[in-house]
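2 protein chains.
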Amino acid sequence: MRVMSSKPKTERGRASRERIVERAAELVAEHGVQGTSLDDVLVAAGASKSQLYHYFADRDDLVEAVVANRCEQAIVELTQLLKSVSRLPELEQMLAGYVASYEQSPTGCPIGTLASEVADRNEGARLQTVVGFAAWERLFVDVFERMRESGELRAEASSESLATALLASLQGGILLSQTRRDSHSLHVAVEAAVAHIRSFAS
Amino acid sequence: MRVMSSKPKTERGRASRERIVERAAELVAEHGVQGTSLDDVLVAAGASKSQLYHYFADRDDLVEAVVANRCEQAIVELTQLLKSVSRLPELEQMLAGYVASYEQSPTGCPIGTLASEVADRNEGARLQTVVGFAAWERLFVDVFERMRESGELRAEASSESLATALLASLQGGILLSQTRRDSHSLHVAVEAAVAHIRSFAS
DNA sequence: TGAATTCTGAACTGAATAGTCCAGTTCCGG
DNA sequence: CCGGAACTGGACTATTCAGTTCAGAATTCA
Chain S
0 MRVMSSKPKT ERGRASRERI VERAAELVAE HGVQGTSLDD VLVAAGASKS
50 QLYHYFADRD DLVEAVVANR CEQAIVELTQ LLKSVSRLPE LEQMLAGYVA
100 SYEQSPTGCP IGTLASEVAD RNEGARLQTV VGFAAWERLF VDVFERMRES
150 GELRAEASSE SLATALLASL QGGILLSQTR RDSHSLHVAV EAAVAHIRSF
200 AS
Chain B
0 MRVMSSKPKT ERGRASRERI VERAAELVAE HGVQGTSLDD VLVAAGASKS
50 QLYHYFADRD DLVEAVVANR CEQAIVELTQ LLKSVSRLPE LEQMLAGYVA
100 SYEQSPTGCP IGTLASEVAD RNEGARLQTV VGFAAWERLF VDVFERMRES
150 GELRAEASSE SLATALLASL QGGILLSQTR RDSHSLHVAV EAAVAHIRSF
200 AS
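Chains as they are written, first to last, in numbering that gives the first Met the number 0: chain S, 0 to 201; chain B, 0 to 201.
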């Protein structure tokens, strides 16, 4: 059974906890979950062991909080990018921007990279990535719904399936590009995904 | 500079080395690279530390050999599955079989899972996964070339791009299905990829 | 056969790391 | 202002793991 971890009751405590999570999230973004030790986190956050174990049951508990933090962050950004997209050209432009930003700093997908690292090693963290993917997919679904309402997408197209397929192409493209250290694969994967969507255009 | 690691000169040595790599590959398949310690490998292979360091410079060197082994194995199997595929329905059937086998034992893609784990932590191993992906993609390219020769695929379709896109969809679908523990995402991703290919059929 | 080479076993070292403990400090309601 | 609860510091433990060492066994080949 997991030992209790107190939630902070005061403002000061909440700030401490948050600072730990945020610094940890930065380190994880840079070095991955496995590549980040608790001691690294502690010096980065200017905190001490007992502080950490005051707020988190164990390492996995911290990792879960970090993953949740990064997913939330990613979804906030993606929401900004996608909330006003309601036409195919806008979607294309947004995706092109995503590819371009990847080219500029190829730091993988925050959610995808975490997911593969965490999936069968930390159930709580895995569930956070599931939520993150679901939110992302949902943003795509909403885009397709708006496209359908504006008559740009044929009725028979399943927004859910299109969203899943687009997300998969992105994730796979990122994986290939990250492995190959060359954004070309991501570019091609996105192009194909867009072409597939366009095939359902009115 | 990396310390020398002897290649085996005798049959016995070759067998020892191979046994270590194979057992290590099994453990890595089950627990991932990070989740497999040298000691685990040694007891599984019935070998000793000095044996290991006789054949491998260090842990990374062993990991590289393991990754190469698993990629090679995967490519052998994929070659068997794909070498005689020259029609779209055959490709669809093969992919459906892949999805079905994933449903039966959802052990991710051997290459993709390794790639994301190793990409920015072990340059030699990363290069092995690059080679593995290239071989896989090449198999798809050959399929598309055969389809094109038989007039089933229009000339303007780029076999390379189709292959990259298909591979990305597969990898992304596997990633999603693995984190969600539900083969549905992979299924949808493959369906979309096939539809995209079919849009280039004559 | 016997010397040189290749290969093997097992104990050891040192560093990193997750997790514990407890005494001391700060904060808050009454 | 005081008693208890929330919070903090940092030293300490136990373990795991990569890598070393070296004596000696097996193998090769002249």
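Heads up, the beta-carbon is just placed ideally off N, CA and C, and yes, glycines get one too.
Per DSSP, residue i is paired with what?
i                : result
LEU152 (chain S) : S:ALA200
Which bits of chain S does residue i rub up against, with CB to CB less than 8 Å?
i                : result
LEU175 (chain B) : PHE132, THR163, LEU166, ALA167 and GLN170
ALA28 (chain B)  : Result: empty, since nearest Cβ-Cβ is about 12 Å, beyond 8 Å.
With a Cβ-Cβ cutoff of 8 Å, do residue i and residue j count as a contact?
i                : j                : result
ALA124 (chain B) : GLU190 (chain B) : no
LEU165 (chain S) : PHE132 (chain S) : no
ALA44 (chain B)  : ARG22 (chain B)  : yes
GLN127 (chain S) : ALA67 (chain S)  : yes
TYR101 (chain S) : SER182 (chain S) : yes
MET146 (chain B) : LEU94 (chain B)  : no
THR112 (chain S) : SER115 (chain B) : yes
VAL202 (chain B) : VAL117 (chain B) : A query on residue 202 (chain B) cannot be resolved here, the shown segment of chain B reaching from 0 to 201 and no further.
ARG153 (chain B) : PHE199 (chain B) : yes
ALA28 (chain B)  : ARG69 (chain B)  : yes
LEU51 (chain B)  : LEU37 (chain B)  : yes
SER158 (chain S) : GLU144 (chain S) : yes
ALA46 (chain B)  : ILE19 (chain B)  : yes
TYR54 (chain S)  : ARG16 (chain S)  : yes
VAL98 (chain S)  : HIS186 (chain S) : yes
GLU76 (chain S)  : VAL193 (chain S) : no
LEU174 (chain S) : LEU174 (chain B) : yes
Run down chain S in chain order and give the residues with a C-beta less than 7 Å from the C-beta of residue i.
i               : result
ARG18 (chain B) : Result: empty, since nearest Cβ-Cβ is about 27 Å, beyond 7 Å.
THR9 (chain B)  : Near THR9 (chain B) there are no residues of chain S at all, since even the closest Cβ is about 36 Å away, more than 7 Å.
ALA73 (chain B) : Near ALA73 (chain B) there are no residues of chain S at all, since even the closest Cβ is about 14 Å away, more than 7 Å.
Name, please, each residue of chain B whose Cβ falls closer than 9 Å to the Cβ of residue i.
i                : result
GLY123 (chain S) : The premise fails here: GLY123 (chain S) is roughly 13 Å from chain B at the closest Cβ pair, so nothing lies under 9 Å.
SER198 (chain S) : ALA194, HIS195 and SER198
SER115 (chain S) : GLY107, GLY111, THR112, SER115, GLU116, LEU174, GLN177 and THR178
VAL129 (chain S) : THR178, ARG179 and ARG180
Using the beta-carbon of each residue, which ones in chain S are nearer than 9 Å to residue i?
i               : result
THR35 (chain B) : Result: empty, since nearest Cβ-Cβ is about 12 Å, beyond 9 Å.
SER85 (chain B) : Within 9 Å Cβ-Cβ: nothing; SER85 (chain B) doesn't reach chain S, min ~22 Å.
Is residue i near the ligand COA, in the sense that its beta carbon is under 7 Å from a heavy atom of that ligand?
i                : result
ARG125 (chain B) : Looking for the ligand COA in the displayed structure turns up nothing, as the structure carries no ligands at all.
For chain S, is any of its Cβ atoms less than 8 Å away from the one on residue i?
i                : result
VAL187 (chain B) : yes
ARG1 (chain B)   : In this prediction, ARG1 (chain B) scores a pLDDT of 41, lower than 50, which makes its location untrustworthy; the coordinate-derived value is nonetheless stated afterwards. No, ARG1 (chain B) does not count as interfacial toward chain S.
SER201 (chain B) : no
ALA67 (chain B)  : no
VAL98 (chain B)  : no
ALA23 (chain B)  : no
SER4 (chain B)   : no
SER15 (chain B)  : no
ALA46 (chain B)  : no
ALA43 (chain B)  : no
If I'm right that residue i touches residue j with Cβ under 8 Å, what's the distance once you round it to whole angstroms?
i                : j                : result
VAL142 (chain B) : VAL65 (chain B)  : 29 Å between Cβ atoms; not a contact.
SER160 (chain B) : ALA167 (chain S) : 17 Å between Cβ atoms; not a contact.
GLN177 (chain S) : GLY171 (chain B) : Actually they do not touch by this definition, with Cβ atoms about 12 Å apart.
GLU155 (chain B) : SER201 (chain B) : Not quite, the Cβ-Cβ distance comes to about 11 Å (not below 8 Å), so this is no contact.
THR163 (chain S) : ALA24 (chain B)  : Their Cβ separation, rounded to whole angstroms, is 32 Å, which puts THR163 (chain S) and ALA24 (chain B) out of contact at 8 Å.
Taking Cβ positions only, does residue i come closer than 8 Å to chain B?
i                : result
ALA154 (chain S) : no
ALA217 (chain S) : Any property of residue 217 (chain S) remains undetermined from this structure, which presents chain S solely from 0 to 201.
SER104 (chain S) : no
SER160 (chain S) : yes
SER184 (chain S) : yes
ALA64 (chain S)  : no
ALA191 (chain S) : yes
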